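The structure under discussion appears below in the form of structure tokens.
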Amino acid sequence: MISPLLSNYAPADLSFEKGEGAYLIGNDGRRYLDFYAGIAVTSLGHAHPRVVKAIQDQAEKVLHVANLFRIPEQEELARKLVDATFADAVYFCNSGAEANECGLKMIRKYFSANGQPEKFRVIGFNDSFHGRTLATIAAAGQEKLLEGFGPAADGYDHVEAGDLEAVKAAITPETAGIIIEPIIGEGGIRVMDPDFLKSLRDLCDENDLLLMFDEIQTGMGRTGKLFAYEHLGFHPDIMSSAKALGNGFPVGACLAVEKVAKCMTVGSHGSTYGGNPMAMTVASTVVDVMTEEGFMDHVSRIANHLKQSLNGVVDRYPSVLEELRGVGLHLGLKCKVENSALIAALQKQGALTAKAGDNVVRLLPPLIIEEQQINEFINALENACEELSQ
4 MISPLLSNYA PADLSFEKGE GAYLIGNDGR RYLDFYAGIA VTSLGHAHPR VVKAIQDQAE
64 KVLHVANLFR IPEQEELARK LVDATFADAV YFCNSGAEAN ECGLKMIRKY FSANGQPEKF
124 RVIGFNDSFH GRTLATIAAA GQEKLLEGFG PAADGYDHVE AGDLEAVKAA ITPETAGIII
184 EPIIGEGGIR VMDPDFLKSL RDLCDENDLL LMFDEIQTGM GRTGKLFAYE HLGFHPDIMS
244 SAKALGNGFP VGACLAVEKV AKCMTVGSHG STYGGNPMAM TVASTVVDVM TEEGFMDHVS
304 RIANHLKQSL NGVVDRYPSV LEELRGVGLH LGLKCKVENS ALIAALQKQG ALTAKAGDNV
364 VRLLPPLIIE EQQINEFINA LENACEELSQ
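For the sequence shown, position 237 (counting from the first letter as 1) is numbered 240 according to our numbering, and the numbering increases by one without interruption.
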């Protein structure tokens, strides 16, 4: 007999009964410092009072209404996101993969609607991650994601991130767009050079292509700005958002400039649950909190403190740690020991972290952490490194 639960995960033998801010309380009775936030999801921490109240209040009104009717909560959140970003319109869905699916469809639809249906191919980058649907695993440059799922969906070409000449060589008359994470997350917290990203913007403008940023992880305050593109001085044509947008409630969004958005006509895309009143109320509350005066200043200030502290640990334990990577609170420790060993040692110390490619341990604490919690994590990290250096 197999387990009634599909075995596509290999979870640690630990579960949680409660969360409080930056902490999770395990079924083993221990209090754990959560430095991965459900993989950059619970960025306002667990049981944030305003999010809890928003859920409670909305649950007493209406959870779901089909998109056959106007949903005022959608219109309100769309206006907030448009006002806070480069975008002119927003589509709401349930996850990051769905947001990326929408963006990839937008790229094709834009050229089809403008009399160029032959332009449908999208250039992506090796070791990227855009979701688990058939289209998004094809868009990511990772063979392991495709294994066992038959021929990859057509229309995606891959080059090494940072190699501008390779991008230029990959452009053909069929190329329609480029998709990239400003920081390649699962691939090892690899921060893309701003000059490289600007060159991609220029290439798209010169070759009549659309530029899409996957900000599923980097968005919603993770880098010290609401979205990472704000550090760059230019913007993409399409951008996906999810994860922290709902602080744990499933919600995603695909944002686009007017020329792209207006090509998505009635019936061209949709979602049953996408943009329902509950999801919109929660996400709207998250946006309100994150756009309040001083919030991002706190993220930048606390991130600088964390990075300085982490660099000190890297210097003190060169046999365990190689380098610190990342921007804001989107950080990774490149390890010399197996990253899984450091994750396990940290868990023994009461600190939870996440795995990434290139032998990196991801550090994605909630944006509301304070110095005391950083000091607590640094102490746990030093104890874990001491153990592994023996």
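Glycine included, each C-beta is placed from N, C-alpha and C at the ideal position. These figures come from a predicted structure and were not determined experimentally.
Is I5 closer than 9 Å to M281 when the C-beta atoms are compared?
no
In this structure, does DSSP put N129 in helix, strand or coil?
strand
Could you pull out every residue in the same chain whose Cβ sits closer than 7 Å to the Cβ of G360, ignoring the five residues on either side in sequence?
D130, E189, G190, G191
Please report the residue range of the beta strand (DSSP E) in which L258 lies.
255-259
So, T88 versus F230, is the Cβ gap smaller than 9 Å?
yes
By Cβ distance, which residues of its chain are closer than 6 Å to L384, with the 5 residues on each side in sequence left out?
V316
Check whether the region 321-331 touches the region 191-211, counting contact only when three or more Cβ pairs, one atom from each stretch, lie closer than 8 Å.
yes
Pick from S243, D31, D37: whose alpha carbon is nearest that of V93?
S243
Which same chain residues end up closer than 8 Å to E261 when comparing Cβ atoms and leaving out the 5 residues on each side of it in sequence?
D91, A92
Quick check: the Cα distance between V170 and D211, rounded to an integer number of angstroms?
14 Å
Name the one or two DSSP bridge partners that L366 has.
L334
Looking at the unbroken alpha helix (DSSP H) that takes in V162, where does it start and where does it end?
No alpha helix (DSSP H) contains V162, which is instead part of the beta strand (DSSP E) from 159-162.
Could you give the distance in angstroms between the alpha-carbon of G32 and the alpha-carbon of Y232?
41 Å
Going by the DSSP bridge assignment, what does R193 pair with across the sheet?
I187
Figure out for me which residue from R82, L370, N382 has the closest Cα to the Cα of V302.
L370
Delimiting residues of the alpha helix (DSSP H) encompassing Y113
99-116
Where the alpha helix (DSSP H) through S6 begins and ends:
Run containing S6: none; DSSP gives neither H nor E here.
Grouping DSSP H, G and I as helix and E and B as strand, with all else coil, what is T139?
helix
To the nearest angstrom, report how far apart G29 and S274 are at their CA atoms.
35 Å
Own chain partners of E79 with C-beta closer than 8 Å, once the 5 adjacent residues on each side are dropped:
M283, S287
Just curious, the alpha helix (DSSP H) that S392 is in, first and last residue?
374-392
Can you name the start and end residues of the alpha helix (DSSP H) that E309 belongs to?
In the sequence as presented, Glu is not what sits at residue 309; that position holds Leu. That run of the alpha helix (DSSP H) goes 298-319.
Spatial distance of V340 from I110 (CA atoms)
42 Å
How do the region 196-210 and the region 220-230 stand: do at least 3 beta-carbon pairs fall below 8 Å, yes or no?
no
Hey, does D208 have any beta-carbon neighbour from chain D nearer than 9 Å?
No chain D is present in this structure, which holds just one protein chain.
Please classify Y12 as buried or exposed, where buried requires at least 16 neighbouring CB atoms within 10 angstroms.
exposed
Kindly identify the DSSP beta-bridge partner or partners of H49.
G24
In terms of alpha-carbon separation, which member of T175, A138, E150, Q375 lies closest to A156?
A138
Are I377 and P368 close, meaning C-beta to C-beta below 9 Å?
yes
Would you mind working out which of I182, S115, F95, P120 sits nearest A396, comparing C-alpha positions?
This structure does not reach residue 396, given that the chain is present from 4 up to 393, and the question cannot be answered.
At which residues does the beta strand (DSSP E) containing R34 begin and terminate?
34-37
When you compare the CB positions of C338 and A344, do they come within less than 9 Å of one another, or not?
yes
What residues are listed by DSSP as bridge partners for D217?
S243
Is DSSP giving F19 helix, strand or coil here?
strand
Inter-residue spacing [alpha-carbon to alpha-carbon] between V254 and I305
27 Å
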